[in-house]
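Per this note's numbering, the sequence shown starts with residue 268, numbered consecutively.
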Amino acid sequence: MARSTSLCAAGTLASYESLGAGGCTIGTDLLSSFANVSGTYGATELDPTLVSITPSGGASDPELTFSVSSSAVASELFETIFTYELSNSVFLQSTISLANSSETVDGAVTDIQNLCAGGNFGSDGVDGCTGNPLTLLTLDGIQNSDNTSLGSVTSVAVTDDFTVDGGTAGTASGGEFTDAFTAQSSVVTTTPEPSNAWPLAILIVFLFLGLQWQLRSKSS
C-alpha cells in the first residue's frame, strides 16, 4: 500500500524525529530521517521536545527555523545536534542564519552546519560523507549568516550543531537558527502545435500569381 507523506507543520525536534524515514514535505521536497547524534563531550543536551521547528517556503526555497530558549553561565554548555535528509529536488545552495541570541565576556552562541551534498554521513552525522562534504558556521555578533553552493544534487544530508556556551567567565543565551535551501524550480516545456498558417514565402508567391492573373484578365 502506498505511504502518504504529510506536509511539514510547526512542531518540535522530537515530533519531527517521530516521522522517521517517511518525513514530511515542503512543496515537493522531502525532509526526513531526523535524529539526534552524539554531541560535544561535557555539553548538556537540550531536550528535543523544547526545540521548536517552523517550516516555510516552497519547493524552490524550503526553510526550517529552529527555536530554543536556553541560558548558560560560566562553565555551562548547552547543545542540540541532530541530522536530517533533504531530497526530491535539484538543490543548489544552503544558507544558515542565527538570531535572537546574546552573550557577554567570552560567552558564545554558535550554529555549525555540516552538509553531505549528494550523499550521506556515517552514524555520527559528521564523518564518512559519501558525497561532497561542506561546512557552514555562524557565531552570534560576528558572523550571523553563511552560505555555500551545493552544486546540483538531488539529495543533501544535513547536521546542525547549535550551542549556547557560557565560556569561562561569561554568559550566553539563545536562540534561533534557520536552515534555508535554494532548489531548481521546475521548468515546464511544451511542444509547439503544428501551425496551420502558410509560410510567408508561399503566401507571397500566391499573391504575386493572383496579381499577374488579374493583370492578364484586364488586358485580354
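Backbone N, C-alpha and C fix where the C-beta goes; we use that ideal spot for every residue, glycine too.
Predicted model only: the values in this text are computed from it and were never measured.
Bridge partner(s) assigned by DSSP for residue i
i: Leu-286; result: Per DSSP, none; premise fails for Leu-286.
i: Tyr-351; result: Val-425
i: Gly-441; result: Ser-337
i: Ile-293; result: Asp-296
i: Gly-278; result: Ile-320
i: Ala-366; result: Glu-443
i: Glu-346; result: Glu-312 and Thr-430
i: Asn-303; result: Phe-349
i: Ser-273; result: Cys-291
i: Phe-388; result: According to DSSP, which records beta bridges pairwise, Phe-388 is partnered with nothing at all.
i: Ala-450; result: Phe-358
Collapsed DSSP secondary structure at residue i in the structure displayed
i: Ala-464; result: With a pLDDT of 42 at Ala-464, under the threshold of 50, the modelled position of this residue cannot be trusted, and the question is left open.
i: Thr-458; result: Below a pLDDT of 50, predicted positions are generally treated as unreliable, and Thr-458, at 44, falls in that range; the measurement from the model is reported next regardless. Correct three-state label for Thr-458: coil.
i: Ala-326; result: coil
i: Val-420; result: strand
i: Thr-415; result: strand
i: Thr-435; result: coil
i: Trp-480; result: For Trp-480, the pLDDT reaches just 43, beneath the cut-off of 50, and the residue's location in the model is therefore unreliable, leaving the point undetermined.
Limits of the beta strand (DSSP E) - the one that residue i falls within
i: Pro-400; result: 399-406
i: Cys-396; result: Segment: none, Cys-396 is in no beta strand (DSSP E) and carries neither H nor E.
i: Asn-381; result: 375-384
Residue-chain proximity (residue i, chain B), Cβ-Cβ < 8 Å
i: Gly-325; result: Chain labels in this structure do not include chain B; a single protein chain is all it has.
Any 3 or more C-beta pairs closer than 8 Å across the stretch 423-434 and the stretch 365-379: yes
Cβ pair count under 8 Å reaching 3, the stretch 396-414 against the stretch 336-344: no
At least 3 beta-carbon pairs within less than 8 Å: the stretch 342-362 vs the stretch 307-318: yes
Stretch-stretch touch, CB-based, cutoff 8 Å, three pairs: the stretch 324-335 with the stretch 388-399: no
Contact between the stretch 437-454 and the stretch 383-392 (3+ Cβ pairs under 8 Å): At 8 Å Cβ cutoff, the stretches do not touch.
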